[in-house]
Amino acid sequence: MATSSERAVETLEAGGKLGLQQAQRPSRSLWQIAWRRFIRNRLAVASAIFLVLMYVTAIFAPLVAPHDPDDVDIMNLHARPSADHLLGTDESGRDVLSRLIFGSRASMTVGLVAVMISVTIGSLIGGLAGYLGGFVDTLLMRLTDGMLSIPYFFLVLIVVAVFGPSFRNLIMVIGVSSWMAVARIVRSEVLRYKRFDFVLAAESIGASSPRVLFRHILPHTVPVVIVAATLGVASAILLESALSYLGLGIRPPTASWGNMLSNSQAYLWENPILPLYPGAMIFLTVLAYNFLGDALRDSLDPQARD
Amino acid sequence: MTRYILRRLLQSIVLLFIVSVVTFVLIHSAPGGPSLLANPELTREEIESMTENLGLDDPLPVQYVRWLSNVLSGDLGTSYSTSGSVSSLLLDRVPNTLLLTGVALLISIAIAIPLGVLSAVRRNSITDRAVTAFSFMGISVPVFWLGIMLIILFSVRWDLLPAGGMYSLDRDGFSLTDRLSHMVLPMLVLVTANLASLVRYTRSGMITVLSEDYIRTARAKGLANNRVIFGHALRNALIPVVTVIGISLPNAVSGAAITETVFAWPGMGRLAVNAANTRDYPVVLGATLAVAVVVIISSLLTDLIYAYIDPRIRLE
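Order-wise, the sequence lines are chains U and X.
Start counting at 1 in the first sequence, then tack on 7, and there's your number in the numbering used here.
Start counting at 1 in the second sequence, then tack on 8, and there's your number in the numbering used here.
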């Protein structure tokens, strides 16, 4: 009952599995091997360091930021960069650097929490579908296909329009609309592992179905889920900033990279440098997450290398 | 084949039904009702008569059936903010969106397939690395920011191209050069956004095919490299690419909606975003449904093309 789109994805995924299996010394665990591979990838290490710095800045924003991000200074609108205002000021004379630092909090939090939600939903749905099989599998995978074929952005628009733009709604709507990739990956991993002897062993000593699924099978899916989650944070941050840009996410006066961009668009002729900063921050953060996810795939999932 | 078509058709109809129920229920569970009724100038009686006229106090299933039978006869209701009919609003906008999204998708495919093939054939070459780096940037760049930066360069700094809209306001009648000049920037943004994922899929599809036995056979019997790549590999690699185009449609449509808003392009995406901001529910609902119909029909078509090219699908 596989639709052709499922097939295409499976073909593409299977494509990478043909590489030579490297012989490994048995004394090293998966995580040790992964770590060794990971630290050899300089781009990934640089991305990881960048992201850690971003989180530290976001957490300690009040200590790091040179000014109050909401401090209006009408004598100093659209100021050029100076020693006092390193990146200048915006249309209300607020310090751009401080707003960037405080704005990072929204993107970083929404990205992480939304992905926690989508990973939980995706693992549950994918795990149940793969382990139980049969009718449940068909039903859950049809649901996944259905969600994938809906232009999710419009659904998100509806939800935000109905329940109003708020921090909590933003996290919920992004989390609930982006679990499908995880569900598919977890399902295919569960299908693979449930044929192994250790599952048979667990079942034969009388372990209950939930115990077999949650204690014996799902832990094996952790590496691929980590990869999917890392890439998921990247797209969650993109979606959050897009919604904030459209006025449907984090609303002014609270700073977020998205709404800083839409504010700055009204002053393109007066201050054309203003939109550069928030967009560059989104771009760099998302790029770092994508590099990190790709490197993690190489190191955690050696079979998926191309 | 007939059975396969029927089954896919049925699935699409079920999917559309689910989309319509979900969107309808979501919109009607709004706390506080439509913002139209929140207008403080309205008296109690006016609110009550409006509620009754719009049928807002009937049970949800009743409202849904009434709405669905109207939709099937082409009536999507009335916009709360302009009092115009939603279907005529949408009909005005659909061609603009199709123009922008369709042309951008065609250009992206025309660039992505050769690039993906080149990158797969010359793996780890400088070209491959450049293509990979570009596609990483393409999937990471926020489309609205890219749009704004292009406006700053081409409109603010160099004054070469218009910053937004679909035609110049001071011009009477249609002019092709005027229309094209308005399309260049949004098109650049959309092509960049679509290209990245299409190139990646073509590349990995091609790499899979290149390691198949029949490619080795083709090489072993002494075929020229070009014939192996274009005659044997590309044809098979294109099969998954056809479906990837189907899969990436929801994404392309979402990117188009944001791009339309950045460039004030009068399409469905911008209409839906504005309606979401003013809580004009019938318009949001209509736009979502219209987009869902377009996307579901397109993915049905790509699946049918896929089944036509590859008999393994329909015989399963």
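C-beta: ideal position from N, C-alpha, C; glycine also.
In the displayed model, U:T261 falls within coil according to three-state DSSP, outside both helix and strand. When rounded, the separation of the alpha-carbon atoms in U:T151 and U:F161 is 17 Å.
The three-state secondary structure of X:T109, taken from DSSP, is helix. For X:R74, the uninterrupted alpha helix (DSSP H) run begins and ends at 68 to 80, by DSSP.
Judged by beta-carbon spacing, U:M288 lies within the 8 Å limit of U:S111, meaning their Cβ atoms are closer than that value. Its chain contains V94, P290 as the residues whose beta carbon lies nearer than 6 Å to that of X:G85, once the 5 sequence neighbours on both sides are disregarded; these appear in chain order.
With three or more CB-CB distances shorter than 8 Å, the stretch 294 to 310 of chain X counts as touching the stretch 19 to 34 of chain X.
Here X:S93 is bridged, per DSSP, to X:T86. For U:N297, a Cβ of chain X is located within less than 8 Å of the residue's own Cβ.
The distance from the Cβ of U:D102 to that of U:P73 is about 6 Å, consistent with a contact at the 8 Å cut-off. Using beta-carbon distances, X:W273 does not count as an interface residue toward chain U, since no partner is under 8 Å. Here X:P150 is not near U:G300, since their CB atoms are 8 Å or more apart. Counting other Cβ atoms within 10 Å of its Cβ, U:D305 reaches 16 or more and is therefore classed as buried. Interface with chain U (8 Å Cβ-Cβ cutoff): X:R243 is excluded. For U:F160, the uninterrupted alpha helix (DSSP H) run begins and ends at 159 to 170, by DSSP. Not one beta carbon of chain X lies nearer than 8 Å to the beta carbon of U:F67. Within the stretch 220 to 244 of chain X, complete beta strand (DSSP E) segments of at least 3 residues are not found at all.
Rounded to the nearest angstrom, the gap between the Cα atoms of X:A260 and X:N202 is 6 Å. Note on X:W153: 16 or more other CB atoms within 10 angstroms of its CB, so buried under the neighbour-count rule. Note on U:N297: 16 or more other CB atoms within 10 angstroms of its CB, so buried under the neighbour-count rule. In its chain, beyond the 5 residues on either side, S143 have a beta carbon closer than 6 Å to the beta carbon of X:R208.
When C-alpha distances from U:V219 are compared across U:L135, U:V117, U:V122, U:R106, the shortest belongs to U:L135. Rounded to the nearest whole angstrom, the CA to CA distance from U:A236 to U:N278 is 37 Å. With distances taken between CA atoms, X:P103 lies nearest to X:P274 out of X:P274, X:R243, X:S212, X:Q71. Just so you know, the alpha carbons of U:S54 and U:I132 end up roughly 31 Å apart. Excluding the 5 residues flanking it on each side, X:W75 has same chain C-beta neighbours closer than 8 Å at F32, G85, in chain order.
At a cut-off of 8 Å between beta carbons, U:Q272 contacts chain X. X:Q19: member of the alpha helix (DSSP H) spanning 10 to 36, first to last residue. When beta bridges are read from the DSSP output, U:D97 appears opposite no residue.
DSSP, read as helix, strand or coil, puts X:D167 in coil. Residue range 229 to 252 is occupied by the alpha helix (DSSP H) that includes U:T237.
Contact of X:N285 with chain U by beta-carbon distance below 8 Å involves A168, L253, G254, L255. In the three-state reduction of the DSSP assignment, X:D288 falls in the coil class, being assigned neither a helical nor a strand state. Taking 8 Å as the upper bound for CB-CB distance, U:A168 and U:A243 are not in contact here, some 20 Å apart. Here DSSP, grouped into helix, strand and coil, assigns U:D102 to strand. U:A214 carries a coil assignment under DSSP once its states are collapsed to helix, strand and coil.
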